[in-house]
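Using my numbering, the first residue of the sequence shown is number 326, and each one after it goes up by one. Data first, discussion second: the structure below is written as structure tokens.
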Amino acid sequence: MNVIRIALSLLFIGMCILATPVLSAGLEFPTHMQFMLKNLRENALANTLPMITQDHITLDEDQGSVLDLLSNDLDPDQDPLRIVSVSAKYGQVTLMPDGQIKYEPPAHFSGQDEITYLLYDGRANPVRGLAKITVNSVNDAPVANDDAVTLIANTQVDINVLDNDSDIDGDFLTITQVTAQYGTVRVKNGAIEYRPYAEYDGSDVINYTIQDAANASASAKVLVTVLKENKTAPVITGQKSLVMDEDTSFELDINQITYIDVDSLATDMTFEVADGQHYTLEGLTLKPAQHFNGELSVPVTLFDGKHRSQVYNLKLVVNEINDYPEAGQIIWESVKDEKFALYMRGMMHDPDFNYWPLGRNDPRLEQYKFIFSKNARREDHGGWTNAGGRFVQVPGARTDLYEYTPPANFVGRDYVFFFVYDEQGAPSGRGDIVIDIKNDKGAPVIIRHLDIAKVREDTPFSLSVHDLYIRYKGSHSRNSELTLEVENMPGFYSVDRATGQITIDPLYEEPILNVMVQVTDGATTSNKHRVAVPLQAVNEAPQVSDLDISINGLPDGEIDFRTQLMVDPEANKAPGLLDRFSYQFVTPTGSANNQTSHGQLVRVPGKPHGVFRYVPGPTFRGDTFAFWVTDEQGLQSNKGTVIIRASKPAVPNTPVVQSNGSQVTVNWAKVGGASYYIVSKARYSTEVSETEHRAESNKFESADDENTYSQYRVRACSDDAGCSADSAWSLPSRTLVTTPVAFVRRKNEIEVNWHSAPADQFDVQIKYNDNPWTVPGRFVSDKSSISWPNLESGKRRYRVRGCDDSLANCTQWSAESNTVDIPVWIHKVSVEGSTTTLEWGPVPGTSYYDISIKYNSNDWTVPGRFTAPGGNETGNNQLTWNNVDGGMRAYKIRSCVGEVGNAVCSDWSSPTGVYTTPEMPADTPALKVSSETRTFLDKTESIDWHFASEPSQNFTTTLFVLPPNKLEMIALSSRANNQPGTHRYRFSQPGIYRFFAQACGQVTGVNVCSERWETEHRVEVINQRFVVEYTGTHLRWSQLTGVKQIVIESALCGLGCDVSSATWKPVATLTNGELSLAVTEPKGTAYRVKACFTDGSCTSWTIVRDKAEKLKAPTLYRAN
326 MNVIRIALSL LFIGMCILAT PVLSAGLEFP THMQFMLKNL RENALANTLP MITQDHITLD
386 EDQGSVLDLL SNDLDPDQDP LRIVSVSAKY GQVTLMPDGQ IKYEPPAHFS GQDEITYLLY
446 DGRANPVRGL AKITVNSVND APVANDDAVT LIANTQVDIN VLDNDSDIDG DFLTITQVTA
506 QYGTVRVKNG AIEYRPYAEY DGSDVINYTI QDAANASASA KVLVTVLKEN KTAPVITGQK
566 SLVMDEDTSF ELDINQITYI DVDSLATDMT FEVADGQHYT LEGLTLKPAQ HFNGELSVPV
626 TLFDGKHRSQ VYNLKLVVNE INDYPEAGQI IWESVKDEKF ALYMRGMMHD PDFNYWPLGR
686 NDPRLEQYKF IFSKNARRED HGGWTNAGGR FVQVPGARTD LYEYTPPANF VGRDYVFFFV
746 YDEQGAPSGR GDIVIDIKND KGAPVIIRHL DIAKVREDTP FSLSVHDLYI RYKGSHSRNS
806 ELTLEVENMP GFYSVDRATG QITIDPLYEE PILNVMVQVT DGATTSNKHR VAVPLQAVNE
866 APQVSDLDIS INGLPDGEID FRTQLMVDPE ANKAPGLLDR FSYQFVTPTG SANNQTSHGQ
926 LVRVPGKPHG VFRYVPGPTF RGDTFAFWVT DEQGLQSNKG TVIIRASKPA VPNTPVVQSN
986 GSQVTVNWAK VGGASYYIVS KARYSTEVSE TEHRAESNKF ESADDENTYS QYRVRACSDD
1046 AGCSADSAWS LPSRTLVTTP VAFVRRKNEI EVNWHSAPAD QFDVQIKYND NPWTVPGRFV
1106 SDKSSISWPN LESGKRRYRV RGCDDSLANC TQWSAESNTV DIPVWIHKVS VEGSTTTLEW
1166 GPVPGTSYYD ISIKYNSNDW TVPGRFTAPG GNETGNNQLT WNNVDGGMRA YKIRSCVGEV
1226 GNAVCSDWSS PTGVYTTPEM PADTPALKVS SETRTFLDKT ESIDWHFASE PSQNFTTTLF
1286 VLPPNKLEMI ALSSRANNQP GTHRYRFSQP GIYRFFAQAC GQVTGVNVCS ERWETEHRVE
1346 VINQRFVVEY TGTHLRWSQL TGVKQIVIES ALCGLGCDVS SATWKPVATL TNGELSLAVT
1406 EPKGTAYRVK ACFTDGSCTS WTIVRDKAEK LKAPTLYRAN
């Protein structure tokens, strides 16, 4: 109440302040505003907060309700109350227009929930109310899902329909009702046994009902496919007229024949085409042998999945057409400047007649025309070749004999293309002539190969140099001097280098095998030559592979033995052969009805032969069986093995978590087929850890540590089939924020992470050094982390709470995070004219801060040169220098504990950027400092400073001294308007005194200063006092160390005489360490004495005179 009054009072005062300018300006403050302010103040003083009574509401599981939370809340001032904000811990809440709350608990949730709401009386800040919700557990009906099954006519099957049915409460389920239309059904061992009526095939539907322990029920159905029992073979009765052209292909299909099959569907039929003479097959695509014409006889059969028809010879007429001639290729080897001739008819072939050897004189050949082209197009270039050689028809010879003349002195490769036109003008494709011209005839040349006998495609063979026609050293009969080399050709053949045996690739099924060979004499190697080896086709056994798969991984329960588990060399070339293969299961001769240990294989209607559906039996918990494939010639494959694993249990529903203090109970619905469960627990604290636990039932109990919460997910497992995928994660066990973890992520950047149940945003508080926590709401994040860059140095701790968007409803503050330390660094440098200020954050416990400066290109200043005291730990620390001379500076800092020179310090911070202080005008003359360079203890000397010449504008100059063993300069005296200065300084301690002068002034409105260090002047103070006495007859002085000579001068100077202007004359220069001198000068004589050292330096003069006389001038003057 007091807080509200204070807040309203402040509002009232603020409005009065706003009103002050109006009144002071002589204007009348509006009357209605005066009344409003008066009422506002009275309301703030008189209002009483509403009185809230906690609600306790009980609902059933999955039951929503509209709640009147205002019914038991009162306002002493009779102010109307309304709810302005509402949220629930687990359920969904909606604020209705009439002020009531609509509440919906989570699905299948039971336990405790809370509704938090903000109540507003129209005058004060809203206050918080709480409603406790108890959701009673209510039995949920089970869920039944449809199934599907396939079986063969006149067999039976057990259907485990409960495997995919569930009950959210985990109740045991039983089958209470079951019916079928075309078969008999009964419940057996928790499954449905189904047997179709005798000889029935087609579809059926089984309707069944399940019931849980509380008698709640659900219904589903099983879609049944009964495959017919095939008993007779199809019969082919005729064909359509089939005609095609030479050198084309023809697509065969079942519609080109007529047939009868009384117990098979059209979709069951497979049209099979066998190999024959003068054609090849690729599936059902028939291709006659090249250039074949006439009638083909093609053996065909029909297969209905169980029986095959008799062979029917399908007739196909191939019409003759004129074929284009075919041009060949040759690689010819010759030697420089040697001519040779080619019979071009040997470089071509015309499919329309066999002109060699019987038809070589066919008169049609005289009508053939040959043209030579350099660019592979049908252009006649007069026989000229690419390198400048030429082919010319030999006069008087056959029309196909052409002589080649090489280019003069040419060595290398020449080539030309040629084309052939037959007697009807039909052109060939491109032919190639390649001529390799060598320097000499020493290398062997393979001209051609002899006839090679047929080789069985499954038998290794070898070639010999004697299978080749070779020109070597001018002879064709020196083959025995050469060695054959055969090139490996993967996918075609392989060569054993040791034995020379050539093995044909098992999958190569072409009639000709081209083998690439060369010969060598050990020094030179011949051209490459292609040897055409005719092959004798040999039927080879199919090769099968194994399969290991879950029954869930079989699409529609199907296994494609035909293409996925088997390969056959002949079928690769003619896939239609696959329709004539047979399949044996369990034993090499097969099993009755393709039965396996725990199931059966059934051919799939409408799918290619070799595709089977696996139908699991009633005892199925996985199955393993062998299989073989036998080709159309009865050759059987190797043994293959199929392993079908049982299906994994279904994924459990999302677990429900209930908490009682630190104790946590996790529940989920039972899963059919699961023998145990794996529970994953995610524990959220400063870190996230995940552990797994085995549960034998659908319940798991755990516990949460302080400042932690947990979430859970579940896998259902079977000893036979393994485990399902994980369920979704449960809701968190608690609505709290775990202890935050803070760390320095990058330079001067802190990141804070935490874990929490979902929240709209998170409120973050910071404790900086020993300052109070920051006010709530200053730092917020919409995710479970937050970071700040470029933080000032110091120590920080954090705490977090989860809130709604308005920060009105929040969890408790988390525990405090770890402490994170940002080492000291200079976060701000300010330069204003000749004034520079550094700022840094405080580091608790620091005795002093050590600052180092890099000026222009000089080294960093020594540690301890510039310091600032510690102690200020609540706000920023700073150090300011005035009258800083011009130039570029960078800074770094460290914190130290202890006394300067004997402290423990942190590492240096990273250097700041470079900052520039404005400099003096370039024409400003140098400032100089002068005095004696040596003096004695307790002596007073004159220190002078002045410009070397007159500056162009006015400056104020200041003299500074840096006494021995001191770090800070002391300002001694200043002069304005460029005036020279003199300062009398008494040296009170031995050592080196350093004097500096600096000029400062306004230049274009900015204060600038000269550099002090350039004016440095040193004075050495000897640790002795120098005393001179005059007795009237003698001069005496104290003994000095390191003195080379004592110089004495005199001047006649009576009473009132100014000794500084007297005329001095030498008296003596003593070099033997004397300590006195007898003098005979008249009365009124003054003496001055100085000491000089080995390095040529001297002290200032010490002046004495007759004790009876009184000197007007000081007793100390600079030695000249």
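Built from N, CA and C at the ideal position, the CB exists for glycine as well.
(message) Applying the 10 Å Cβ sphere with the 16-neighbour rule, what's the burial state of Phe1068?
(response) In the sequence shown, the residue the question calls residue 1068 occupies position 743. With fewer than 16 other Cβ atoms within 10 Å, it is exposed.
(message) Please return the same chain residues whose Cβ sits closer than 6 Å to the Cβ of Pro977, not counting the five positions on each side in sequence.
(response) The residue labelled residue 977 in the question sits at position 652 within the sequence shown. Only Trp993, Val996, Val1039, Ala1041, Ser1052 meet the Cβ criterion.
(message) Using CA atoms only, rank isn't needed, just tell me which of Trp1206, Ser1005, Thr888, Ser566 is closest to Phe937.
(response) Translated into positions along the sequence shown, residue 937 becomes position 612. The residue with the shortest Cα to Cα distance from Phe937 is Thr888.
(request) On a CA-only basis, which of Asn1115, Ala1416, Phe1351, Glu1354 is nearest Val1372? Give me that one, please. (result) If you number the sequence shown from 1, residue 1372 lands on position 1047. Here the closest residue by C-alpha is Ala1416.
(message) Please report the straight-line C-alpha distance between Ala866 and Asp893, rounded to a whole angstrom.
(response) Locating residue 866 in the sequence shown gives position 541, where the first residue counts as 1. Locating residue 893 in the sequence shown gives position 568, where the first residue counts as 1. Near 7 Å, if we compare the C-alpha coordinates of Asp893 and Ala866.
(message) Taking the straight line between their C-alpha atoms, what separation do you get for Ser528 and Val551?
(response) One-based indexing of the sequence shown puts residue 528 at position 203. One-based indexing of the sequence shown puts residue 551 at position 226. Between Ser528 and Val551, the C-alpha separation is close to 6 Å.
(request) Using DSSP bridges, identify the partner residues of His801. (result) The sequence position of residue 801 within the sequence shown is 476, counting from 1. According to DSSP, which records beta bridges pairwise, His801 is partnered with nothing at all.
(request) Out of Tyr604, Thr1258, Tyr415, Arg670, state which residue places its alpha-carbon closest to the alpha-carbon of Ala1084. (result) For the purposes of this step, residue 1084 is taken as the residue at position 759 of the sequence shown. With respect to the C-alpha of Ala1084, the residue from Tyr604, Thr1258, Tyr415, Arg670 having the closest C-alpha is Tyr415.
(message) Using CA atoms only, rank isn't needed, just tell me which of Gln1364, Lys898, His791, Ala652 is closest to Val745.
(response) Start at 1 with the first residue of the sequence shown, and residue 745 comes out as number 420. When only C-alpha atoms are compared, the closest one is Ala652.
(request) Return the CA-CA distance between Glu810 and His674, expressed in angstroms with no decimal places. (result) What you label residue 810 is simply residue 485 of the sequence shown in a count that begins at 1. What you label residue 674 is simply residue 349 of the sequence shown in a count that begins at 1. Taking the straight line joining both Cα atoms gives about 30 Å.
(request) Would you tell me roughly how many angstroms separate the C-alpha atoms of Ala1455 and Val991, rounded to the nearest one? (result) Residue 1455 lies beyond the range of the chain shown here (326 to 1445); nothing can be said about it.
(request) Determine the burial state of Ile1317: buried for a count of at least 16 other Cβ atoms within 10 Å of its Cβ, exposed for fewer. (result) For the purposes of this step, residue 1317 is taken as the residue at position 992 of the sequence shown. Exposed is the call here.
(message) Any contact between the segment 1254 to 1266 and the segment 1180 to 1189? By contact I mean 3 or more CB pairs, one from each, below 8 Å.
(response) no
(request) Alpha carbon to alpha carbon, how far is Ala1387 from Ile1428? Give it in angstroms, no decimals. (result) The residue labelled residue 1428 in the question sits at position 1103 within the sequence shown. The residue labelled residue 1387 in the question sits at position 1062 within the sequence shown. One Cα belongs to Ile1428, the other to Ala1387, and the distance between them is close to 12 Å.
(message) Rounded to the nearest angstrom, what separates Arg1430 and Thr1394 at their Cα positions?
(response) Against the sequence shown, residue 1430 aligns to sequence position 1105. Against the sequence shown, residue 1394 aligns to sequence position 1069. Cα-Cα distance, rounded: 18 Å.
(request) Can you give me the Cβ contacts of Phe595 inside the same chain, cut-off strictly under 6 Å, excluding the 5 residues immediately before and after it? (result) Numbered from its first residue, the sequence shown carries residue 595 at position 270. Checking the sequence, you will find Thr at residue 595 rather than Phe. Only Phe628, Asp904, His934 meet the Cβ criterion.
(message) Check this for me: beta carbons of Asn1183 and Asn1115, under 8 Å apart or not?
(response) Working through the sequence shown from its first residue, we reach residue 1183 at position 858. Working through the sequence shown from its first residue, we reach residue 1115 at position 790. No, they are not a contact pair.
(request) List the DSSP bridge partners of Gln1090. (result) Here residue 1090 refers to the residue found at position 765 when the sequence shown is read from its first residue. According to DSSP, Gln1090 bridges with Arg1124.
(message) Does Lys1217 pass the burial test, meaning 16 or more other C-beta atoms within 10 Å, or should it be called exposed?
(response) Locating residue 1217 in the sequence shown gives position 892, counting from the first residue. Lys1217 should be labelled buried.
(request) Please confirm whether Tyr729 and Ile760 have their CB atoms less than 8 Å apart. (result) For the purposes of this step, residue 729 is taken as residue 404 along the sequence shown, with counting starting at 1. For the purposes of this step, residue 760 is taken as residue 435 along the sequence shown, with counting starting at 1. Yes, these two residues count as a Cβ contact at 8 Å.
(request) Count the other C-beta atoms from every protein chain shown that fall within 10 angstroms of the C-beta of Trp1270, then say buried if there are 16 or more, exposed otherwise. (result) For the purposes of this step, residue 1270 is taken as residue 945 along the sequence shown, with counting starting at 1. Classification for Trp1270: buried.
(request) Reducing DSSP to helix, strand and coil, say where Leu641 ends up. (result) Counted from its first residue, the sequence shown places residue 641 at position 316. Leu641 sits in a strand when the DSSP states are folded into three classes.
(request) With a floor of 3 residues, list each beta strand (DSSP E) that falls wholly inside the segment 759 to 818, ordered by position along the chain. (result) 770 to 774, 793 to 796, 808 to 811
(request) Return helix, strand or coil for Ser390, following the three-state DSSP convention. (result) Taking the first residue of the sequence shown as position 1, residue 390 is located at position 65. If DSSP states are grouped into helix, strand and coil, Ser390 belongs with the strands.
(request) Report whether the distance from the Cβ of Tyr1002 to the nearest heavy atom of the ligand SAM is below 7 Å. (result) Questions concerning the ligand SAM fall outside what the structure shown contains, since it holds no ligand whatsoever.
(request) Less than 8 Å between the CB atoms is what I'm expecting for Asp846 and Pro769, so what's the real figure, rounded? (result) The count along the sequence shown starts at 1 and reaches residue 846 at position 521. The count along the sequence shown starts at 1 and reaches residue 769 at position 444. The Cβ separation is near 6 Å, so the contact holds.
(message) Taking its Cβ as the centre, do 16 or more other Cβ atoms sit within 10 Å of Val1254, making it buried, or is it exposed?
(response) Position 929 of the sequence shown, counted from the first residue, corresponds to residue 1254. Here Val1254 is buried. Its C-beta has 16 or more other C-beta atoms within 10 Å.
(request) Return helix, strand or coil for Val1187, following the three-state DSSP convention. (result) The residue given as residue 1187 occupies position 862 in the sequence shown. Of the three classes helix, strand and coil, the one that applies to Val1187 here is coil, per DSSP.
(message) With DSSP as the reference, identify every bridge partner of His1342, one or two as the case may be.
(response) Along the sequence shown, read from residue 1 onward, the residue named residue 1342 stands at position 1017. Phe1320.
(request) Taking the CB atoms as reference points, tell me whether Tyr1037 and Val1077 lie closer together than 8 Å. (result) As a first step, residue 1037 is located in the sequence shown; it is residue number 712 there, counting from the start. As a first step, residue 1077 is located in the sequence shown; it is residue number 752 there, counting from the start. Not a contact, by the Cβ cut-off of 8 Å.
(request) Name the two residues that bound the continuous alpha helix (DSSP H) containing Glu895. (result) Within the sequence shown, the letter at position 570 stands for residue 895. Start and end: 894 to 898.
(request) Would you kindly report the start and end of the unbroken beta strand (DSSP E) that includes Asn1202? (result) Within the sequence shown, the letter at position 877 stands for residue 1202. Start and end: 1202 to 1206.
(request) Compute the Euclidean distance between the alpha carbons of Lys612 and Thr724, then round it to the nearest angstrom. (result) As a first step, residue 612 must be located in the sequence shown, where it is residue number 287. As a first step, residue 724 must be located in the sequence shown, where it is residue number 399. Taking the straight line from one Cα to the other gives about 36 Å.
(request) Would you be able to state if there are at least three C-beta pairs under 8 Å between the segment 1397 to 1410 and the segment 1239 to 1254? (result) No, the segment 1239 to 1254 does not touch the segment 1397 to 1410.
(request) Provide the residue span of the beta strand (DSSP E) that contains Val1209, from first to last. (result) In the sequence shown, the residue the question calls residue 1209 occupies position 884. Run containing Val1209: none; DSSP gives neither H nor E here.
(request) Output yes or no for whether 8 Å exceeds the beta carbon distance between Pro731 and Gly714. (result) Here the question's residue 731 lines up with position 406 in the sequence shown. Here the question's residue 714 lines up with position 389 in the sequence shown. In contact: Pro731 and Gly714 (Cβ atoms closer than 8 Å).
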